[in-house]
Amino acid sequence: MRYAQRMKRLGTESAFEVLARARGLEAQGREVIHLEIGEPDFNTPGYICEAAIKAIRDGYTHYNPSAGYPDIRKIISEEINRTRGIKSNPNQVVITPGGKPIMFFIILALVDEGDEVIYPNPGFPIYESVIKFVGAKAVPLPLREVNDFRLDVKELKSLITPKTKLMIINSPQNPTGGVLTHEDLREIAKLAVEKDIWILSDEIYARIIYEARFESVTQFPGAFERTIILDGMSKAYAMTGWRLGYGVMEETLATHVSRLATNSVSCTASYAQIAMGAAITGPQDESNKMVAEFKKRRDVIVGGLNKIDGISCKKPLGAFYAFPNITGTGWKSKKLADYLLDEFGIAALSGTAFGDFGEGYMRFSYANSIENINKALSTIESAVAKIRQYA
Ligand code: PLP
4 MRYAQRMKRL GTESAFEVLA RARGLEAQGR EVIHLEIGEP DFNTPGYICE
54 AAIKAIRDGY THYNPSAGYP DIRKIISEEI NRTRGIKSNP NQVVITPGGK
104 PIMFFIILAL VDEGDEVIYP NPGFPIYESV IKFVGAKAVP LPLREVNDFR
154 LDVKELKSLI TPKTKLMIIN SPQNPTGGVL THEDLREIAK LAVEKDIWIL
204 SDEIYARIIY EARFESVTQF PGAFERTIIL DGMSKAYAMT GWRLGYGVME
254 ETLATHVSRL ATNSVSCTAS YAQIAMGAAI TGPQDESNKM VAEFKKRRDV
304 IVGGLNKIDG ISCKKPLGAF YAFPNITGTG WKSKKLADYL LDEFGIAALS
354 GTAFGDFGEG YMRFSYANSI ENINKALSTI ESAVAKIRQY A
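Sequential numbering from 4 applies to the sequence shown in the working numbering.
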């Protein structure tokens, strides 16, 4: 059988592969603690579920416009204006089944073969995958622990060439929990305007931020015109399985992205969009409570990891991942991740699942109970002690 050449360039997201392996072990009767997948362990708040059930009963079971219902796009536009301090209108919003399709559609709509795209590394693996899939050059921008996993603007500048079409930023960041500062964002905006480059700003963790206040690159002069904001419901409202996301962008680009939706998914589930409207306009207490709980868990996991000889962990400022440095164990990341899963039932991800610059790190999702996190910590401690004993 012959397959399209481009399939050789398409990557994947290891979290789903490790989850499948972990489920396989569970099916054999093994106990596994899940710290691999990036999804809240909470249930979707009740008022959102009720809104969806009512919507189904009210007949929201048909096709709807590819960009989404106008009134829900209006709710999103107003929410984005309020939280980012910008002036978007509903025609600039495209609703998609999850935030991920926005990455895919934006790269398809903006990037030609031979163009260059700068993306964070370690970073969400789908960026690199889709950039390569469309035949463009994926240019990694390393995020370093010494810089609190923030990008270095000087380094970013040095990577820009006349072929650079797009840069991708993500703050708060997956997998490091790093958050870009006001000054970083100002410099990024300035560079993008100067060099005429699009920005895909992945803001999916905007609401899951601890000490700092969330800031978007779009607040700076000239930035919103060239930025696509990616956001969605998966993380902040525990709605990963609903598949609800959106992009906010310049109007012509929105029509292109909407046409890509027509050509692929047709539209996003009608009743789910009604639930999204209810989620955004309804009481935010449950979402806020989840964030407060994540913060408690962060302190537990970071404190615990730092007590383990051979491991050190910076405090993540947002999202729900710890990204410890594991070089003190003497092992490579993937080997350690496999060992923890196969021998000890701890499912977590190798830093290299997020790109080459993730070597020396692992990602632990702390979207799990404090009890399980504590159990995992003592297991990791004995696993690492064994490695060091025989090193
Ligand atoms: N962006 C980042 C950085 C993510 O970590 C994720 C999910 O893990 C997404 C986007 C996409 O999430 P979804 O498609 O569920 O909205």
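All C-beta atoms in this analysis are idealised placements derived from N, C-alpha and C, irrespective of residue type, glycine included.
For clarity, every value in this text was computed on a predicted model and none was experimentally measured.
Annotation for N173: the continuous beta strand (DSSP E) segment containing it runs T167 to N173. The region 275-285 makes no contact with the region 214-230, as fewer than three CB pairs between them are under 8 Å.
Those residues that bring their Cβ nearer than 6 Å to a heavy atom of ligand 1 are G41, G101, G102, K103, F127, N173, N177, D205, I207, G235, S237, T243 and G248. For the region 50-95, the continuous alpha helix (DSSP H) assignments of 4+ residues that do not extend past its boundaries occur at 73-87, in sequence order. Excluding the 5 residues flanking it on each side, N309 has same chain C-beta neighbours closer than 7 Å at S315 and C316, in chain order.
Taking the C-beta atoms as reference points, R210 is found nearer than 8 Å to A239.
Inter-residue distance for H185 and I191 is about 10 Å (C-alpha atoms, whole angstroms).
Rounded to whole angstroms, the Cβ separation of I283 and I79 is 7 Å, and the two are in contact under 8 Å. For Y130, the enclosing alpha helix (DSSP H) covers residues P128 to F136. In the three-state reduction of the DSSP assignment, N371 falls in the coil class, being assigned neither a helical nor a strand state. Take E214, set aside five residues on each side of it, and the residues of its chain with a beta-carbon closer than 8 Å to its own are L320, in chain order. One alpha carbon belongs to K77, the other to N92, and they sit about 7 Å apart. The straight-line gap separating the alpha-carbon atoms of K103 and G248 is approximately 8 Å. Proximity to N84 across P178, Y364 and M252 peaks at M252, based on C-alpha coordinates.
In the structure shown, I105 adopts helical secondary structure according to DSSP, grouped into three states. For S261, the enclosing alpha helix (DSSP H) stretches over residues E254 to S267. The beta carbons of K135 and T167 sit no closer together than 8 Å. I211 sits in coil when the DSSP states are folded into three classes, being neither helix nor strand.
Contact between N150 and F360 does not hold, since their C-beta atoms are separated by about 12 Å, which reaches or exceeds 8 Å. By the Cβ rule, the region 362-382 counts as touching the region 287-307, because three or more pairs are nearer than 8 Å. Collapsing the DSSP output to three states places A141 in a strand. Rounded to the nearest whole angstrom, the C-alpha separation of G180 and M4 is 43 Å. Taking a C-beta distance under 8 Å as the contact criterion, P143 and G14 do not qualify as a contact pair. Linking L343 to V120 through their CA atoms gives a straight-line distance of about 35 Å. By the neighbour-count criterion, in which 16 or more other beta carbons inside 10 Å mark a residue as buried, S219 falls on the buried side.
DSSP places T330 within a helical segment (H, G or I) once states are collapsed to three.
Assignment of V251 by DSSP, reduced to helix, strand and coil, places it in the strand class.
The beta carbon of T382 is closer than 7 Å to those of F347 and I349 in its chain, skipping five residues each way along the sequence. In terms of Cβ geometry, G285 and Y63 do not form a close pair [threshold 8 Å].
Secondary structure of R153 (DSSP, three-state): coil. If you check the CB distance, L28 and V21 do not come in under 8 Å. Counting every other CB atom within 10 Å of its CB across the protein chains shown gives H65 a total below 16, marking it as exposed.
Rounded to whole angstroms, T221 and E384 show a C-alpha spacing of 43 Å.
In this chain, S17 is not harboured by any beta strand (DSSP E); it is covered by the alpha helix (DSSP H) spanning S17 to A30. Shown here for L169: same chain residues with a beta carbon closer than 7 Å to its own, the five before and five after excluded, namely L113, V114, V120, I200, W201 and L203 in chain order. Beta-bridge analysis with DSSP links M365 to S353.
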